[in-house]
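There are 2 protein chains.
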Amino acid sequence: MIKPRSRRGGGRPTISDVARKAGVGAITVSRALREPERVSEELRRQIQAAVDELGYVPDPNARALASARAEVFGVLVPSLTNNVFAEVVRGIYDSLSDSPFRIQLGNTHYSGLEEERLLQVFGSQRPAALIVAGIDQTPVSRKLLENAGCPVVQVMETGPDPVDMMVGFSHLDGGRTATEHLIEAGYCRIGFIGARMDPRSQRRLAGYRAAMEAAGLFDPRLVTTTPVPSSVSLGREMFRDALAKVPTLDAVFCNNDDIALGVLFECHRTSILVPKTIGIVGFNDLDMMQVAFPSITSIRTHRYEIGRRAVAMALAAIAGDRPEQRIVDLGFELKRRESTAR
Amino acid sequence: MIKPRSRRGGGRPTISDVARKAGVGAITVSRALREPERVSEELRRQIQAAVDELGYVPDPNARALASARAEVFGVLVPSLTNNVFAEVVRGIYDSLSDSPFRIQLGNTHYSGLEEERLLQVFGSQRPAALIVAGIDQTPVSRKLLENAGCPVVQVMETGPDPVDMMVGFSHLDGGRTATEHLIEAGYCRIGFIGARMDPRSQRRLAGYRAAMEAAGLFDPRLVTTTPVPSSVSLGREMFRDALAKVPTLDAVFCNNDDIALGVLFECHRTSILVPKTIGIVGFNDLDMMQVAFPSITSIRTHRYEIGRRAVAMALAAIAGDRPEQRIVDLGFELKRRESTAR
DNA sequence: GGACAATTTGGTAGCGCTACCATTTTCCGC
DNA sequence: GCGGAAAATGGTAGCGCTACCAAATTGTCC
Chain A
546 MIKPRSRRGG GRPTISDVAR KAGVGAITVS RALREPERVS EELRRQIQAA VDELGYVPDP
606 NARALASARA EVFGVLVPSL TNNVFAEVVR GIYDSLSDSP FRIQLGNTHY SGLEEERLLQ
666 VFGSQRPAAL IVAGIDQTPV SRKLLENAGC PVVQVMETGP DPVDMMVGFS HLDGGRTATE
726 HLIEAGYCRI GFIGARMDPR SQRRLAGYRA AMEAAGLFDP RLVTTTPVPS SVSLGREMFR
786 DALAKVPTLD AVFCNNDDIA LGVLFECHRT SILVPKTIGI VGFNDLDMMQ VAFPSITSIR
846 THRYEIGRRA VAMALAAIAG DRPEQRIVDL GFELKRREST AR
Chain B
546 MIKPRSRRGG GRPTISDVAR KAGVGAITVS RALREPERVS EELRRQIQAA VDELGYVPDP
606 NARALASARA EVFGVLVPSL TNNVFAEVVR GIYDSLSDSP FRIQLGNTHY SGLEEERLLQ
666 VFGSQRPAAL IVAGIDQTPV SRKLLENAGC PVVQVMETGP DPVDMMVGFS HLDGGRTATE
726 HLIEAGYCRI GFIGARMDPR SQRRLAGYRA AMEAAGLFDP RLVTTTPVPS SVSLGREMFR
786 DALAKVPTLD AVFCNNDDIA LGVLFECHRT SILVPKTIGI VGFNDLDMMQ VAFPSITSIR
846 THRYEIGRRA VAMALAAIAG DRPEQRIVDL GFELKRREST AR
């Protein structure tokens with residue numbers, strides 16, 4: 546066995562190796578790397594040469610310890626496989642890829658308790674910013690966010706009482722708009738089919754209910770929900786249930802596009818005509834909605850843009866200029882398609 | 546302005562605060578937290594009480610710096626929104642949620658250069674393990690992996706020459722199996738439709754070609770590919786192109802399920818009968834495949850399990866017992882459905 | 001040309017934790 | 001009851017970096 550190197554770290558070049566080679570003080574190297582404009586042209590060149598020659602890469606752990614601030618964005622989403630959050634996360638990643646910030650992604654599994662645990666873990670790293678999905682944090686989580694000592698952006702939804710900043714849209718309005726569209730199209734026995742029923746789904750349901758009540762069409766038997774995670778096959782099953790419960794059903798507003806697709810397939814399978822016999826509206830407007838036959842009406846949401854905007858706001862806050870607009874509503878768009886064109 | 550606290554870190558309790566309160570040495574607290582069995586029952590209790598009372602949370606950055614090892618799994622995937630990788634990542638997250646390990650997720654965007662850059666960044670943190678998608682790393686990436694000084698698991702594919710460990714399956718065999726199934730079902734003008742054409746897609750194509758040549762059916766005009774990222778709408782367009790090129794086409798093996806779904810919808814739209822006029826096979830077997838009408842034959846792959854297995858192997862290696870089986874082939878399964886039931 | 005400010009560079013002292021060793025205490029077996 | 005090993009505890013010295021302040025150098029204005 547070879548005796549371990551005297552240096553515990555394992556012999557990677559350190560900042561003082563670079564400093565020695567460049568003939569400057571260690572702190573100057575540190576500065577040249579972080580605030581190049583504060584170091585003279587000449588030293589900067591020498592230092593860069595030494596860095597390249599030694600293959601020096603700063604140790605983020607040491608950096609974080611010394612500066613009491615890690616170059617990490619903490620991101621908390623309820624699901625990794627749900628395309629909706631995947632798009633938000635992609636927006637976040639793309640916006641951060643050219644920055645020095647790393648991303649710490651946490652999956653809360655739609656659990657408030659898990660969110661608290663992850664917030665605790667993330668907080669212990671002193672992140673540069675925190676991005677969390679939703680606005681329904683537990684009191685404990687909310688406190689953790691308030692005391693995080695960094696910019697916080699709540700995404701996906703807007704609401705009256707941000708911890709710090711918010712980017713999203715109103716799910717209630719989205720649900721209402723979708724339902725009103727069906728009513729205008731002439732449907733009247735309009736069902737709601739919702740899986741998972743997380744807070745955002747609940748608010749879409751509330752929007753549905755508001756629209757239905759305003760039109761005098763609401764009937765609790767039209768609503769079919771389950772806490773089970775959403776999927777295309779679940780959409781099919783729930784549609785069957787809804788139809789068994791209310792055979793006169795003539796349209797469905799679906800919680801999301803997966804459910805809507807399941808409904809469409811079941812209609813095909815049982816030769817129910819869409820949009821003639823049944824109208825279908827989805828939510829989120831995944832790519833497949835416009836390709837489906839018939840194409841499916843849906844509420845287009847700007848997921849990728851939400852991720853990008855959240856990062857932009859956090860970055861601005863880190864840089865010191867808090868945006869005057871702390872709540873950004875990116876809205877949504879009703880995409881009218883064949884599935885509701887009676 | 547209030548004078549900043551004397552302590553730079555911002556006043557969070559440290560290990561020596563705990564030590565003082567519990568009336569022990571700092572190192573004993575450290576041990577009680579990391580190797581409780583090496584500390585007496587009594588001190589352990591005292592220390593735990595002090596930890597709870599102060600709300601002490603260890604600083605992972607300080608820990609990483611002192612021990613030259615961060616409790617981080619680096620995970621590199623080519624896409625965050627592709628459901629296939631999302632499932633793998635979910636398996637990884639679920640397997641690691643009860644461990645002290647954090648996850649650093651990187652998105653390479655299918656770029657070798659980006660992979661190199663991220664490997665460099667990840668490596669600078671001294672991760673506990675590295676999980677990377679694919680087996681086609683650039684020479685630079687491969688060197689970085691070999692020198693990472695931690696267990697490395699390559700996932701999604703198997704191949705002859707692992708950096709360290711591997712979990713996946715043979716995409717070539719998958720492509721061959723899918724194609725052979727179509728041949729057995731009586732199709733003969735079988736097209737291949739592939740988007741993105743990353744290395745895994747290339748190997749599926751190679752499997753297709755092998756099967757077609759073995760049956761004396763291969764014709765280069767049957768192959769339609771594009772480097773454009775895959776989507777349902779792209780599947781529809783490519784199917785149109787393929788049909789325009791070869792009007793006698795009687796089946797398609799699709800690169801993945803999104804493409805297959807696009808093909809199915811286009812068949813509906815143009816009243817092409819499935820499986821009578823056109824047979825369809827997908828790849829990955831997303832949930833929607835069995836719900837589609839007609840249901841779509843696909844190659845079921847075990848994505849979630851790949852993630853779990855990769856973590857299990859890495860964890861074992863960290864614990865010191867390298868598994869005797871360094872290459873794990875989880876295989877795949879042909880799911881025969883209506884879309885090929887002539 | 002001298003007083004003063006602005007710019008550039010460097011030294012010191014930690015950040016919070018653990019590796020490494022030293023020391024103390026406990027437990028054996030005979 | 002005693003030597004020696006094992007178990008339990010502690011002290012010291014960093015890990016690699018940056019905040020904070022001090023010093024040196026340059027520029028500017030009258």
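Chain order of the listed sequences is A and B. Read in order, the letters of the first sequence correspond to residues 546 to 887 in my numbering. Read in order, the letters of the second sequence correspond to residues 546 to 887 in my numbering. The beta-carbon is built from N, C-alpha and C at its ideal position, and this holds for glycine as well.
When DSSP states are grouped into helix, strand and coil, residue 829 of chain B belongs to the strand group.
For residue 880 of chain B, the enclosing beta strand (DSSP E) covers residues 877-880. For residue 874 of chain B, there is no enclosing alpha helix (DSSP H); the residue is found in the beta strand (DSSP E) stretching over 872-874. At a C-beta separation below 9 Å, residue 603 of chain B has these neighbours in chain A: 669. Using a C-beta cut-off of 8 Å, the segment 812-824 of chain A makes no contact with the segment 787-807 of chain B, since fewer than three inter-stretch Cβ pairs fall below that distance. The criterion of a C-beta distance shorter than 7 Å is not satisfied by residue 560 of chain B and residue 577 of chain B.
With fewer than 16 other beta carbons inside 10 angstroms of its own, residue 645 of chain A counts as exposed. Residue 710 of chain A is bridged by DSSP to A:698. Counting of Cβ neighbours within 10 angstroms places residue 800 of chain B among the buried residues, the total reaching 16 or more. At least one CB of chain A lies nearer than 7 Å to the CB of residue 836 of chain B.
Residues of chain A with a Cβ closer than 7 Å to the Cβ of residue 578 of chain B do not exist, since the nearest Cβ in that chain sits about 13 Å away. Taking 7 Å as the cut-off, the beta carbon of residue 804 of chain A is found closer than this to the beta carbon of residue 738 of chain A. Here residue 835 of chain A is buried, its C-beta having at least 16 other C-beta atoms within 10 Å. A Cβ-Cβ distance of about 5 Å is found for the pair residue 842 of chain B and residue 884 of chain B, placing them in contact under the 8 Å criterion. Taken atom to atom, the span from the alpha-carbon of residue 664 of chain B to that of residue 656 of chain B is near 12 Å.
Taking a contact to require three or more Cβ pairs closer than 8 Å, the segment 838-853 of chain A and the segment 628-640 of chain A qualify as touching. Within chain B, no C-beta atom comes less than 9 Å from the C-beta of residue 655 of chain A; the nearest is roughly 13 Å away. Minimum Cα-Cα distance from residue 606 of chain B among the listed residues B:671, B:684, B:876, B:833 corresponds to B:671. The C-alpha of residue 779 of chain A lies about 17 Å from the C-alpha of residue 767 of chain A. The three-state reading of DSSP puts residue 734 of chain B in coil, since its state is none of H, G, I, E or B. Separation of the CB atoms of residue 731 of chain A and residue 875 of chain A is rounded to 30 Å, and the pair is thereby denied contact status at 8 Å. CA-to-CA, the gap between residue 872 of chain B and residue 716 of chain B works out to about 15 Å. Taking the C-beta atoms as reference points, residue 686 of chain A is found no nearer than 7 Å to residue 659 of chain A. The Cβ atoms of residue 698 of chain B and residue 621 of chain B lie no closer than 7 Å to each other. Going by DSSP, residue 621 of chain A is part of the beta strand (DSSP E) stretching over 617-622.
Our two residues, residue 575 of chain A and residue 633 of chain B, have alpha carbons roughly 39 Å apart in a direct line.
In this structure, the alpha-carbon of residue 807 of chain B lies about 51 Å from that of residue 610 of chain B.
Under a 10 Å Cβ-count criterion, residue 822 of chain B is classified as exposed, with fewer than 16 other Cβ atoms of the shown protein chains found around its own Cβ. The segment 748-756 of chain A makes contact with the segment 718-731 of chain A, as at least three CB pairs between them are under 8 Å.
Out of A:649, A:710, A:887, A:619, the CA that lies nearest to the CA of residue 840 of chain A is found in A:887. In the structure shown, the three-state DSSP call for residue 649 of chain B is strand. Interface flag for residue 726 of chain B against chain A is unset, since no Cβ pair is found closer than 7 Å. In summary, residue 781 of chain A is buried, with 16 or more beta-carbon neighbours lying within 10 Å of its beta-carbon over all protein chains present. Residue pairing by DSSP places residue 769 of chain A opposite A:738 in a beta bridge.
The bridge partners DSSP lists for residue 571 of chain B come to none.
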